[in-house]
Every structure is written in structure tokens, then in C-alpha cells.
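Numbering follows UniProt numbering, with no gaps: position 175 of the sequence shown is 175.
Where a beta carbon is used, it is the ideal one built from N, C-alpha and C, also for glycine.
The structure presented is a predicted model; accordingly, all values stated were derived computationally and were not measured.
Right, one structure below, let's go through it.
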Amino acid sequence: MPPAEPQVAVKVVELPTGSKLHTERWHTGIANPSRTILCLHGLGGTTNIYYPITRHLLSLLPDSHVLSYDRAGSGLSPLTDYGNVPFSVAHMLADLEAFIASEVSTGPIILVGHSMGTMIISRWLLTSSPALERVSHVIFIGGPMEVPVTPDQHEFRSRLADAIALGGPTAMLDDRMLPLLTGKTTTVTQPLVNALMRAIVMSQRNQAYAATIRAFAEDSLPAAGPMDWDAIQTRFKVLLLCGEEDLLVGVDRVVPLLTKSTVRIMSEIGQ
1 MPPAEPQVAV KVVELPTGSK LHTERWHTGI ANPSRTILCL HGLGGTTNIY
51 YPITRHLLSL LPDSHVLSYD RAGSGLSPLT DYGNVPFSVA HMLADLEAFI
101 ASEVSTGPII LVGHSMGTMI ISRWLLTSSP ALERVSHVIF IGGPMEVPVT
151 PDQHEFRSRL ADAIALGGPT AMLDDRMLPL LTGKTTTVTQ PLVNALMRAI
201 VMSQRNQAYA ATIRAFAEDS LPAAGPMDWD AIQTRFKVLL LCGEEDLLVG
251 VDRVVPLLTK STVRIMSEIG Q
């Protein structure tokens, strides 16, 4: 008997952190899943990034739920009011912890992160959260990245945030930048993917998007501390998926970070 057609439940989850997160929970009609696949999008992304693979995940694991949310300040989730405190990765980690407590309170968890979403997951995996005991697998797509970054890299991110705060994300969505995200092959053979990527990023609110870039920039400074990649790989089963044409992160830069993990390099694919 074929599995039931996937269906989605969309709702706004209000967390004790003050955040109100747009969420999508995909399933095949099973109320109590054997596992939850929790997906975190990257910088400029939304839950829509995972839409193309959700059906594939449920066809492979039909007794699962696939759950994702727009991070605070991204997509359909407003940026939380923190008063005079700048938005930070610490706020993102607090939201992730509270979200799991609220929406994935029981059962095994498979964590999936794309791009900067891999950095949030990596930071969280190094915390003392009791929910870590339920993480069975970790899947990194197009990330993570080594930290700390160089002063020049930090300065570039800061200037980018300033430009977006003033004029929106248009500056990073031209014909030079888009192939860095989607790959040169996709740019030529599937130009609608570039249009989709542009539409998703253009939907971001200027100030919230800029605040998110600044948050990641600050988390990449030496003061934030390095990542203990060995500790992550020792405790968790990690799968790393890299696009051969990913010029934003780069296969040669990400693979050396996760030498104890399973690595799959996808040909003719970008970030």
C-alpha cells in the first residue's frame, strides 16, 4: 500500500523567548511520529528552501514529521523586540531550545541545517541542552564554516548589513552573486531557480535581514569562541552534503572541518 499523500499543518508558535515563529509541519497523517526531522534554513532563507525535498524525505521515512520554521526576523516571522539589545545568535539558540521544548518534546530528532543554519545547529550541539540526548543524526547542507573569520571577512559582512539596512537585499542579488549561491550549471540550465532564490531573499525585511547578518558576523569573531568539530562528530552521526559548484562556502574549506563525518559531494550543484 503506497504511503499517504503528504499534508502540511501551518501555524504560528509563540515561544517564551517572545518570538512568534511561522512553522510548517509536514506528515503523512501519522499523529505520533517515530522521529522528527527538524530543518533550519540559512541566511536570507525561509521554510520554502526545504519544500523541494520534503516529499522525498517523507517517502523515505513516512512515519516521520518534517518540521521547519522561519527564524525570527526571516520570512513570515517578525524580528522579536529585544529592546536595546542587538539581535544575536544567542537569541537564535534560545529560540531553537524553546521551539524543541514546545514542538518536539518527545522522540528522536534528525537535525538538518542549510548554510548559516548549520552554524546555529553547531553552536546548539555544543550546549548542555537535555534535548541533545534525542538527536540521532545531523545533516549539514552547504556548511558549516570555520570560525573565527578574518577581519576582512567580518568587515565585508558589516558593510553588507549596512547596505541592506539602507536599500534592501537587491545589491546581493545580481548576476554576479546569484551563481555563487545556486551554481553555474543551475544558472544556465534552470534559471527559474535563480528567480526563486531572488524572490525568497527579496521577501526579507531590510532591518531584520541586516540585523541577522550582523548577528552572524558577531558570532564569527574570536570572542564568540571556536567550534569544537571533533566533539560534535564524536557525539553525533553527521552527514555533510556539499555542492561541487558551491563558491560561497567551498568544498575545499568545509570538508576539512568534518573529517570524521560521511561526506557526499553533489556534482553540478551550488550552495
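When C-alpha distances from D152 are compared across L221, L178, L111 and G142, the shortest belongs to L221. Selection S88, G250 and I141 evaluated against A215 yields S88 as nearest (Cα-Cα). When rounded, the separation of the alpha-carbon atoms in V238 and R134 is 14 Å. Following the DSSP letters along the chain, one finds Y69 inside the beta strand (DSSP E) bounded by residues S64 to Y69. In this structure, N194 sits away from G168, with a CB-CB distance that is not shorter than 8 Å. Beyond the five residues adjoining it in sequence on each side, R25 comes within less than 6 Å, by CB distance, of A9, H65 and L67 in the same chain, given in chain order.
Within the stretch 29-65, the complete beta strand (DSSP E) runs of at least 3 residues fall at 35-40. Check the Cα spacing between A131 and each of T36, L58, D175 and E155: the tightest is with T36. For G73, there is no enclosing alpha helix (DSSP H), as DSSP gives it neither H nor E. At a Cβ-Cβ threshold of 8 Å, L58 and T28 count as neighbours.
Going by DSSP, F99 is part of no beta strand (DSSP E) but of the alpha helix (DSSP H) stretching over V89 to E103. Under a 10 Å Cβ-count criterion, P33 is classified as buried, with 16 or more other Cβ atoms of the shown protein chains found around its own Cβ.
Distance from the Cα of V201 is smallest, within the candidate group N48, V255, Q7 and P16, for N48.
When Y69, E14 and I269 are compared, the shortest CA-CA separation from L181 is found for I269. Sorting A101, V85, I100 and G143 by C-alpha distance to the C-alpha of S115 places G143 at the top. According to the DSSP assignment, Q207 belongs to the alpha helix (DSSP H) that extends over N206 to D219. Secondary structure within the stretch 128-201: the beta strand (DSSP E) runs of 3 or more consecutive residues, fully enclosed, are 135-141 (chain order).
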